[in-house]
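As structure tokens, the structure follows; a few thoughts come after it.
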Amino acid sequence: MLSFAFKNMAIKKMQVILVVVSIVISAGVAVLAYNTANQVRDGITDTAGWYSAIIGPAGSKTQLAMNTMYFTDEPLGTIPYAAVTELQRDSRVKRVIPYAMADSYNGYRVVGTVSDYLEKKEIADGRLFDDSALYEVVLGASVAKVCDVTVGDEIFTSHSASEEHHEPLKVVGVLKETHSVFDRVVFTQLKTIWAVHEHEEEEHHEEEEHEHEHMENSVCAAVVTTKNPAFAMTLVNDYNGRVLTDGDGDSCTLQAIEPMETVRSILEETNSTKYIVYVLCAIILIMNVMVISIITLLNMVHSAKEIALMRLIGISMKKINLLYILQNGLIGLVSVVLAFGVSKLCLVFMDSYASSMGVVLNVAKVYPLELAILALVFAIAVLPTVVCTFVLARRDGIHE
Amino acid sequence: MINITGLSKTFQNETALDYKDMVFETGKSYMLLGASGCGKSTLLNMIAGVLSPDRGSILIDGTDMSAAPQKEKDKFRIEKIGFIFQDFKLIDDMTVADNINILRLEGVDTAAMDELLRRLGIFEKKNKKVRHLSGGQKQRVAIARALVKSPDIILADEPTGNLNYAIGEQVIRELVQAAQGKTLIAVTHDERLRPYFDCVIDMNDVTGSPYDVDSGKAVE
Numbered sequence: 000m001l002s003f004a005f006k007n008m009a010i011k012k013m014q015v016i017l018v019v020v021s022i023v024i025s026a027g028v029a030v031l032a033y034n035t036a037n038q039v040r041d042g043i044t045d046t047a048g049w050y051s052a053i054i055g056p057a058g059s060k061t062q063l064a065m066n067t068m069y070f071t072d073e074p075l076g077t078i079p080y081a082a083v084t085e086l087q088r089d090s091r092v093k094r095v096i097p098y099a100m101a102d103s104y105n106g107y108r109v110v111g112t113v114s115d116y117l118e119k120k121e122i123a124d125g126r127l128f129d130d131s132a133l134y135e136v137v138l139g140a141s142v143a144k145v146c147d148v149t150v151g152d153e154i155f156t157s158h159s160a161s162e163e164h165h166e167p168l169k170v171v172g173v174l175k176e177t178h179s180v181f182d183r184v185v186f187t188q189l190k191t192i193w194a195v196h197e198h199e200e201e202e203h204h205e206e207e208e209h210e211h212e213h214m215e216n217s218v219c220a221a222v223v224t225t226k227n228p229a230f231a232m233t234l235v236n237d238y239n240g241r242v243l244t245d246g247d248g249d250s251c252t253l254q255a256i257e258p259m260e261t262v263r264s265i266l267e268e269t270n271s272t273k274y275i276v277y278v279l280c281a282i283i284l285i286m287n288v289m290v291i292s293i294i295t296l297l298n299m300v301h302s303a304k305e306i307a308l309m310r311l312i313g314i315s316m317k318k319i320n321l322l323y324i325l326q327n328g329l330i331g332l333v334s335v336v337l338a339f340g341v342s343k344l345c346l347v348f349m350d351s352y353a354s355s356m357g358v359v360l361n362v363a364k365v366y367p368l369e370l371a372i373l374a375l376v377f378a379i380a381v382l383p384t385v386v387c388t389f390v391l392a393r394r395d396g397i398h399e
Numbered sequence: 000m001i002n003i004t005g006l007s008k009t010f011q012n013e014t015a016l017d018y019k020d021m022v023f024e025t026g027k028s029y030m031l032l033g034a035s036g037c038g039k040s041t042l043l044n045m046i047a048g049v050l051s052p053d054r055g056s057i058l059i060d061g062t063d064m065s066a067a068p069q070k071e072k073d074k075f076r077i078e079k080i081g082f083i084f085q086d087f088k089l090i091d092d093m094t095v096a097d098n099i100n101i102l103r104l105e106g107v108d109t110a111a112m113d114e115l116l117r118r119l120g121i122f123e124k125k126n127k128k129v130r131h132l133s134g135g136q137k138q139r140v141a142i143a144r145a146l147v148k149s150p151d152i153i154l155a156d157e158p159t160g161n162l163n164y165a166i167g168e169q170v171i172r173e174l175v176q177a178a179q180g181k182t183l184i185a186v187t188h189d190e191r192l193r194p195y196f197d198c199v200i201d202m203n204d205v206t207g208s209p210y211d212v213d214s215g216k217a218v219e
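Here's what the structure looks like:
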């Protein structure tokens, strides 16, 4: 029966291709939209949930949150390291992670921090950088893969596209792939960032002005975990708006944010856009369901002569039903599998765009509703056939 | 043997068939003659179990198939009946072989296909699509499909209707020859084909029993 089903499909290949393409487009778009929207939301909120507060320079809350948590956007500026020291002394604080970002390596951000920041990350090769040693770096999995760098290699970071630092940094470890923003970052000791910039400043000491910011003893932000979640709000209230003065007499106003609250407000602002996308996807899905049903019904009407013929020569209704259900089941199955594959392929391409928002799309991530959408599309592809063959096969072939 | 008793069939208040008793003996070939609308095709369809009579019975080897449930009629048709149609009833976009192998859906053994196609002179067309065949070749494919399962009864509804006389005569000769030892009932308008059949029944004036072709009298 299977071989006959294939032969029967082969003689109607244009109709079959049309149905497959319709299903692939409708199911693929629906699954892709749902998966992407959810991965972006999950990625953003998951990361935000790791921290109680972020302390940085005054400015845009969103920029501070996006830059610190997702390594995206530009840093707002710097705050004196004294702020970190003060936070470390605060009895409400469990842990403070200083954070500096000034350079890049082949387009990937270089983040200066402490090794504690990566303590929960698994190392695929090598080790974490030593907090007491300079010029050591740990690479995110994608950085190592794309740039073809392994443990023991030396890399040169740059402050801008035309300004490469002369100090080589030694790769001491590569993080295990996590399908998160960490895959796309180069991590090093905070002091390494300071040292690289200090070295550069010495080289250019004769220049009256230089473009580098004064990095030593300053950080872009500090991410804080409190001993009790309830402390977060008071901590933010205490630090937000506080003015600090550095050794040079320059003053700096701090900004403190609760990352979860900031992310929630960002997501709320984008909610209406998300619903528009959902509605558009639903419309596409409904239209394609109609197209699939109409094509399937037309195919079945065209098959009426064939079914009548089979009835005349004695093929039973049961076998005719089975044959057409098998045919359309195969078409439906191949289509939804293709739709799923195409949606995953699109995710790969969309990953580079999503990563600019600090979210890495995991191609292997499948949500239960995605499978439900595919199952629904499969059912829609097969159900009209069941009804049609049942009606057609019940008729006497002689009247066709 | 097929025993038909008091058979009647009406379509939308118009009587398509209203005959008395008829008998078709096993191993003989019968030619049914008659004007259009006299119920020849209806009779074949009722024997095949495609249509059910309004009144009367059709006993085939003692079993009343007209009263059997549809499932049993289907089984009987696939196992015992070889049906050949005027318009061939073939799937044009499929090959000759696939049109015959379609019977495998019901578990019919089509091993005799090659031999039959050779006998009918169309073996070399086996893998050609039906739409590329001539009318005569298509009718031979239909005959091969009807005979491949070695049915006890062969029903042919105007098998030469779409063919010219020369080809029609050849097809009938091949059909009668291939149906040796089986019951063959063929509907045709062409009286020139009489010599190929054991019995000829004129459906216009049939009173119940088939006529013997030689004597012109009803068979006892």
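Sequences listed follow chains B and D, in order. Counting along the first sequence from 1, when you hit position 351 you're at 350 in numbering that gives the first Met the number 0, and nothing is skipped either side. Counting along the second sequence from 1, when you hit position 190 you're at 189 in numbering that gives the first Met the number 0, and nothing is skipped either side. Beta carbons are placed, not taken as given, at the ideal position from N, Cα and C, and that holds for glycine.
Buried or exposed by the 16-neighbour rule on C-beta atoms within 10 Å, applied to residue i
i	result
W193 of chain B	buried
Q11 of chain D	exposed
Q179 of chain D	exposed
D73 of chain D	buried
S264 of chain B	exposed
N287 of chain B	buried
Q254 of chain B	buried
D147 of chain B	exposed
K27 of chain D	buried
I275 of chain B	exposed
F348 of chain B	exposed
V386 of chain B	exposed
Residue i at chain B interface by Cβ criterion, 8 Å
i	result
F196 of chain D	no
M93 of chain D	yes
L192 of chain D	no
D97 of chain D	yes
K8 of chain D	no
D73 of chain D	yes
R139 of chain D	no
I59 of chain D	no
Beta-bridge pairing of residue i - partner residues as DSSP gives them
i	result
V186 of chain D	D:L31 and D:D156
L138 of chain B	B:V173 and B:V185
D124 of chain B	B:V173
C251 of chain B	B:L243
Y107 of chain B	B:Y104
P56 of chain B	B:L253
N2 of chain D	D:V22 and D:L58
C219 of chain B	C219 of chain B pairs with nothing; no bridge assigned.
R94 of chain B	B:T224
E163 of chain B	B:S157
A99 of chain B	B:G111
Proximal residues to residue i (C-beta, below 6 Å), its chain only, five neighbours per side dropped
i	result
A140 of chain B	L174, E176 and D182
H158 of chain B	D102
N216 of chain B	Y80
V175 of chain D	S28 and Y195
Contact set for residue i: own chain, Cβ-Cβ below 8 Å, skip 5 residues either direction
i	result
S250 of chain B	V242, L243 and T244
K120 of chain B	L174, K175, T177 and F181
S114 of chain B	L127, F128, D129, D130 and Q188
Close beta carbons around residue i, own chain, < 7 Å, minus the five adjacent residues each side
i	result
G48 of chain B	M259
L43 of chain D	L154, D156, I184 and V186
E210 of chain B	With a pLDDT of 44 at E210 of chain B, under the threshold of 50, the modelled position of this residue cannot be trusted; read the value that follows with caution. No residues qualify anywhere along the chain.
N98 of chain D	L89, I90, V129, V140 and R144
Q87 of chain B	V95
Minimum Cβ-Cβ distance from residue i to chain D less than 8 Å
i	result
L311 of chain B	yes
H12 of chain B	Looking at the sequence itself, residue 12 of chain B is Lys, so the reference to His does not match. Output row for K12 of chain B: interface = no.
L297 of chain B	no
M8 of chain B	no
F3 of chain B	yes
E176 of chain B	no
L308 of chain B	yes
M0 of chain B	yes
E369 of chain B	no
Interface flag, residue i vs chain C, CB-CB below 8 Å
i	result
R76 of chain D	Judged by its chain identifiers, the structure shown contains no chain C, and its protein chains are B and D.
> Of all the residues that make up the region 99-111 of chain D, which are near chain B by a beta-carbon distance shorter than 8 Å?
Replying inline: Taking 8 Å as the Cβ-Cβ cut-off, the region 99-111 of chain D approaches chain B at N100, I101, L102, R103, L104 and E105, given in chain order.
> When you check each C-beta in the region 27-52 of chain D against every C-beta of chain B, which residues fall closer than 7 Å?
Replying inline: Within the region 27-52 of chain D, contact with chain B at the beta-carbon level (separation under 7 Å) is assigned to N44, V49 and L50.
> Any residues in the region 111-130 of chain D with a beta carbon nearer than 8 Å to a beta carbon of chain B? Which ones, in chain order?
Replying inline: So the list is empty, because no residue satisfies the distance condition.
> Looking at chain B, which residues of the region 79-90 of chain D have a Cβ within less than 8 Å of any of its Cβ atoms?
Replying inline: Taking 8 Å as the cut-off between beta carbons, the residues of the region 79-90 of chain D near chain B are I80, F82, F84, K88, L89 and I90, in sequence order.
>> Closer than 7 Å between beta carbons: that is the criterion. Which residues of the region 310-343 of chain B meet it against chain D?
In response: Hits within the stretch, in order: L311, I312, G313, I314, S315, K318 and L322.
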